[in-house]
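Q:
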Amino acid sequence: MIAAIVFDFDGVLADSEPLHLSAFQEVLASLGAALPREEYYADYLGFDDAGVFRAVAEARGLTVSTAGIQALVAEKARTMESLMGHVDVLYPGARDCVRRLASTWPLGIASGALRHEIEAVLAQHDLSALFRFIVAAGETAASKPAPDPYRRAAALHGVDPSECLAIEDSRWGIESAKAAGLSCVAVTHTYSVSELLDADAIVGSLAELTPDLVRSL
């Protein structure tokens, strides 16, 4: 029986991954490092910002200190804020989906995005009050694909992880949720069905994420 729901953010509620990629590319260019779209979606989507910068630096043979990573994350946050100021990133149907599920279950968010980025989008669409909590980048010892964000989310909901349902869009997110003991529904906003088969259910859009589907899990 599902007692609570935890949404991922980027790629599930917000169509912000193209903006994240643009911001990463702009910041990495200062290091003389390119980040092709194909590489980002194949290898790094689902990581938090620090995880992306560490992984890209390692793949390029670059040595970047902890302070250097922090500086890159800060610069990327400034770039992302500028990009998001010009577009509405919420997926069609996201607001209705959140309101539909919030009428029956408590909701939370577990994301690799920065807290202020998440809060800004929720506030813009009057959704902030429908989420009990946010677990954002840097708020757990390890980020996705480690189970820490979803373990923290279950604890904040005050339920056993087996009673929580995660809504994800990537295999890294599914891995995180399942390792933490949550059930998981994947939405094909970012990846095809064939790449999301570890989820308990797969939907093509948020419109398909109904109370009946949740109860069936």
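The sequence shown begins at 1 in this note's numbering and counts up one residue at a time.
The beta-carbon is built from N, C-alpha and C at its ideal position, and this holds for glycine as well.
Computed from a prediction, not measured in an experiment: that's the story for all the values here.
(1) Which whole runs of the alpha helix (DSSP H) in the region 40 to 91 are 4 residues long or more, in chain order?
(2) Between K144 and V52, what straight-line distance do the alpha-carbon atoms span, to the nearest angstrom?
(3) Whole angstroms is fine: what's the gap from P161's alpha carbon to G32's?
(4) Could you give the distance in angstroms between the alpha-carbon of R115 and the alpha-carbon of I174?
(5) Rank L217, S216, A4 and S205 by C-alpha distance to the C-alpha of S103 and give the top, closest one.
(6) Could you check what DSSP says for V159 in three-state terms: helix, strand or coil?
(7) The alpha helix (DSSP H) spanning A193 covers which residue range?
(8) Among I167, D49 and L182, which residue has its Cα nearest to the Cα of H189?
(9) So what does DSSP say about G108, is it helix, strand or coil?
(10) Under 9 angstroms, do A146 and S176 count as touching if we go by C-beta distance?
(11) Buried or exposed: which applies to A129, given that a residue is buried once 16 or more other Cβ atoms fall within 10 Å of its Cβ?
(12) Any chance the CB of V185 is under 8 angstroms from a heavy atom of the ligand ADP?
(13) Can you tell which of A136, I109 and A113 has its C-alpha closest to the C-alpha of A23?
(14) Determine the closest residue to G108 out of L13, L83 and E208, with distance taken between C-alpha atoms.
(15) Secondary structure at S170, three-state DSSP: helix, strand or coil?
(16) Quick one, are the C-beta atoms of R171 and Y191 less than 9 angstroms apart?
(17) Answer yes or no: do V185 and D200 have a C-beta to C-beta separation smaller than 9 angstroms?
(18) Determine the contact status of L209 and I2, defining contact as a CB-CB distance below 9 angstroms.
(19) Note down, in chain order, each residue of its chain lying with its Cβ closer than 8 angstroms to the Cβ of R37, except the 5 sequence neighbours on either side.
(20) Run through DSSP, which three-state label would V135 get?
(21) Our contact map puts D8 next to D169 with C-beta atoms below 8 angstroms; I'd like the distance itself, whole angstroms only.
(22) Which residue or residues does DSSP assign as beta-bridge partners of L165?
(23) From I118, V56, L83 and A50, pick the residue whose C-alpha is nearest to that of A67; which is it?
A: Taking the coordinates as given:
(1) 49 to 60 and 66 to 84
(2) Cα-Cα distance, rounded: 11 angstroms.
(3) 43 angstroms
(4) 21 angstroms
(5) A4
(6) In the structure shown, V159 sits in coil (DSSP, three-state: anything other than H, G, I, E or B).
(7) What sits at residue 193 in the sequence shown is Val, not Ala. First-last for V193: undefined, no H or E at that position.
(8) I167
(9) strand
(10) yes
(11) exposed
(12) Looking for the ligand ADP in the displayed structure turns up nothing, as the structure carries no ligands at all.
(13) A113
(14) L13
(15) S170 falls in the coil class under three-state DSSP.
(16) yes
(17) yes
(18) no
(19) L21
(20) strand
(21) 6 angstroms
(22) I5 and S183
(23) A50
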